[in-house]
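All residue numbers for the sequence shown refer to the numbering used here, where the first residue is -1 and numbers rise by one.
Think of the CB as a built atom: it goes at the ideal place given N, C-alpha and C, for glycine as much as any other residue.
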Amino acid sequence: MKTIKLAPVLLIVLFFMDVYTGKATKAQNQVSISYTVTFPEAQAHYADVEMTISGLRQPMLDLKMPVWTPGSYLIREFSKNIESFSVSSNGKSVAAPKTRKNCWHINTSGLSAINVKYRVYCFEISVRTSFVDASHGFLSTTGIFIYPDQMLQLPSTIHIVPYKGWRKVSTSLDMVNNDPFTRHSPNFDILFDSPIEVGNQDVFGFDAAGVKYEVCMVGGGNYDRERLKTDMAKIVETETTVFGENPNKHYVFIVHNFLRGGGGLEHLSSTTLGASRDSYATESGYRNFLGLVAHEHFHLWNVKRLRPIVLGPFDYDNENYTTDLWIAEGFTAYYQNRVLCHANLITPDIFLTTVAAEMSFMENQPGAKIQPLSESSYDAWIKAYRPNENSNNTTISYYDKGAEVATLLDLEIINDSKGRYCLNDVMKYMYETYYKLKKRGYKDIEFKQGLEKFAGKNLDDFYEKYINGLSPIDYNHYLAYAGYKVTDQLAATNDPTLGITFATNSPKKIISSVLRGSAGWIDGINVNDELTSIDGTPVTDAATMLNGKKTGDKITVTVLRDGLPLTLAVTLLRNNKVNFKVDSLSNPTPQQLVVRKKWLAL
Ligand SMILES: [Zn+2]
């Protein structure tokens, strides 16, 4: 079975490798592609696309739209938003039957040029989907531009015709003839990695690490331009030091400010961030925003260039499976705080708080004992990106455990090398070896070898325990390298819990999750039950519903399940949640202080 399955996969990879290396056929070299995007009905959330392909010398052509956007590991079926698809040549209609959900087949025999028109409905607010209204247009390019199959290596020109009153375009794609509304893309991998913002955004810039940075703020906000320029430049400089060079000439931050927003998506020379427009003025809100900046910008190296081998060139038709998202995302999640610490944008104490929070999260997630880290990455497409009410019980995030693993490895490397090396050296070595010299992604084993090179030891055991296995992590063993220890601030408590949470979108006490191993789990409380009373007292407030009860008490819980009353006998169990704090050991040794100094850039 495996051999039969592997053969076509290998062929697909080889095919895309060929496309990626730019070996266009002679006929394809004549092909010229341009797009014009207009917004005649921006108020109704439409982008209208006209694509012209000329120089054709082939009997047939397939036009396709990607089904996913790199960096966001979910099949999103972007072609679901397409309507009014039509093809013509010299003013005559040409048939374009669909042969797949995202593919149109065209008989181009005798045709040298075709014109394709379609409309895209853009009304999904996120960093990886397109959104258009009368105030602005955000084009997430994988969901906007169709491409000629087997021609991913070809360049294209993109003309943007703004809706009335829109005056600016922000994207990392180069201008043609200094016209901001006309952009050039060298190939489709770059087009699909270059979101475009059109409207009246607030644009400002700064220079850092020899690169021109542009910040494009959409939706307003209480941000301080000058403070952002200074602090974002510090992040850029610090991250550039990790890898030794900044490969861009021009980089764009597209920031969407909403009433409540968050999240980001990395690209080769830009990123899209979501933020809350009133969050910049509070210390924690501002810090969170800088963390997001540090995270997405770090990706321009880690995953956009230094990447697992299957993540580029991409298969835009299918899932692209990798066991290495704990490196791509988890290491980036670790570095976002480490970079802020090294850039003096947060104190070492705050950094240690993030380390402790990561450890607490891991311990409080029952899924950490069920799903190995490498599997969490591989199944991102069906689990991490498709969470349900049982996700906490059955999965672990490759962001959180990946960041945890990065913490352990950083400390291991610093300790083993007596402060000579740290995780930066691994990242830089891997970037230089695989991105720059070999010009390809790394295999699982190659990243492990890079880590071993600087850790000075074989990491088979580490991988078996923490990457592919489910061993509990001995945090104090690693923290002790830097003269720290972790303690659980809840260790002495004996409070009871049912282990349930309630839906926040209903005034009723509807149960939204039941924690594995808790009293609710063992004694049969179910998700979607409506909790009505405990020992005959109606439940109105989750915070006080167990007042006066102790661990070990036998109580009666009444619920409505599918509208029918049900009484359950429940034995209350201790709340096993931990809340870790990292503290210094009382008398750290000189070696521990060497490790601490290197780790925290003291
Ligand atoms: Zn990320």
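TODO: Please list, in chain order, all residues of the same chain as residue 466 whose beta carbon is under 7 Å from its beta carbon, the five residues on each side excluded.
DONE: 370, 372
TODO: Could you tell me the boundaries of the beta strand (DSSP E) in which residue 273 lies?
DONE: 268 to 274
Open item on the list: Using DSSP's beta-bridge definition, name the partner residues of residue 180.
Closed with: 157
Task: 4-residue-minimum alpha helix (DSSP H) runs that sit fully inside the stretch 305 to 337, ordered along the chain - done: none
- [ ] Spatial neighbours of residue 433 within its chain, please: CB distance less than 7 Å, with the 5 preceding and 5 following residues excluded, ordered by chain position.
- [x] 303, 304
Open item on the list: As a quick exercise: from 416, 49, 529, pick the residue whose alpha carbon is nearest that of residue 158.
Closed with: 49
Open item on the list: Please determine whether the Cβ atom of residue 264 lies at a distance below 7 Å from any heavy atom of ligand 1.
Closed with: yes
- [ ] Spell out the partners DSSP gives residue 166 in its beta bridges.
- [x] 197
Task: Validate contact between the stretch 396 to 405 and the stretch 267 to 274 using beta carbons, cut 8 Å, 3 pairs - done: no
Open item on the list: I need the straight-line Cα distance from residue 170 to residue 483, nearest angstrom please.
Closed with: 45 Å
TODO: Could you please give me the residues that DSSP links to residue 370 through a beta bridge?
DONE: Bridge partners of residue 370: none, in fact.
- [ ] Provide the residue span of the beta strand (DSSP E) that contains residue 424, from first to last.
- [x] Premise fails: residue 424 lies in the alpha helix (DSSP H), 421 to 428, not in any beta strand (DSSP E).
TODO: Grab the span of the alpha helix (DSSP H) containing residue 210 for me, first residue to last.
DONE: It is not in any alpha helix (DSSP H) - residue 210 instead sits in the beta strand (DSSP E) that spans 209 to 216.
- [ ] Whole angstroms is fine: what's the gap from residue 329's alpha carbon to residue 397's?
- [x] 8 Å
Open item on the list: Measuring only from the beta carbon, is residue 297 closer than 7 Å to any heavy atom that is part of ligand 2?
Closed with: This structure lacks ligand 2; its bound ligands are ligand 1.
Open item on the list: Tell me whether residue 320, by its Cβ, gets closer than 7 Å to a heavy atom of ligand 1.
Closed with: no
Task: Alpha-carbon to alpha-carbon, residue 542 and residue 211 - done: 51 Å
TODO: Can you give me the Cβ contacts of residue 20 inside the same chain, cut-off strictly under 6 Å, excluding the 5 residues immediately before and after it?
DONE: The predicted position of residue 20 is uncertain, since its pLDDT is 46 and thus under 50; a value taken from the coordinates is nonetheless stated next. Excluding residues within five positions, the ones whose Cβ falls inside 6 Å are 151.
- [ ] Say whether the stretch 561 to 569 touches the stretch 377 to 387, bearing in mind that this needs 3 or more beta-carbon pairs closer than 8 Å, one atom from each stretch.
- [x] no
Open item on the list: What does the alpha-carbon distance come out to for the pair residue 495 and residue 572?
Closed with: 6 Å
Open item on the list: Can you find the residues in the same chain that come closer than 6 Å, C-beta to C-beta, to residue 419, ignoring five residues on each side of it along the sequence?
Closed with: 411, 452
Open item on the list: For residue 438 and residue 307, what's the separation of their Cα atoms in angstroms?
Closed with: 7 Å
Task: Whole-angstrom C-beta distance between residue 140 and residue 64, which should lie under 8 Å - done: 4 Å
Task: Nearest to residue 207 (by Cα), restricted to the options 241, 195, 234 - done: 234
- [ ] Compare the C-alpha of residue 325 against each of 301, 408, 336 and name the closest.
- [x] 301
Open item on the list: Is the separation between the beta-carbon of residue 205 and that of residue 68 shorter than 8 Å?
Closed with: no
- [ ] Please indicate yes or no: does the CB of residue 352 lie closer than 7 Å to some heavy atom of ligand 1?
- [x] no
Task: Cβ pair count under 8 Å reaching 3, the stretch 519 to 534 against the stretch 583 to 594 - done: no
TODO: Could you tell me whether any non-hydrogen atom of ligand 1 is closer than 7 Å to the CB of residue 270?
DONE: no
TODO: Using only alpha-carbon positions, find the residue among 202, 242, 53, 553 that is nearest to residue 428.
DONE: 242
- [ ] Please list the segments of the alpha helix (DSSP H) lying wholly inside the stretch 402 to 480, counting only runs of 4 or more residues, in order along the chain.
- [x] 421 to 428, 442 to 453, 473 to 477
Task: 6 Å CB neighbourhood of residue 597 in its chain, flanking five on each side removed - done: 412, 480
- [ ] With hydrogens ignored, establish whether the beta-carbon of residue 495 is closer than 7 Å to any heavy atom of ligand 1.
- [x] no
- [ ] With distances taken Cα to Cα, identify the nearest neighbour of residue 505 among 540, 476, 316, 523.
- [x] 540
Task: For residue 286 and residue 292, the rounded distance between their alpha carbons - done: 10 Å
Open item on the list: If I measure Cβ to Cβ from residue 514 and keep anything under 6 Å in the same chain, skipping five residues before and after, which residues do I get?
Closed with: 364, 391
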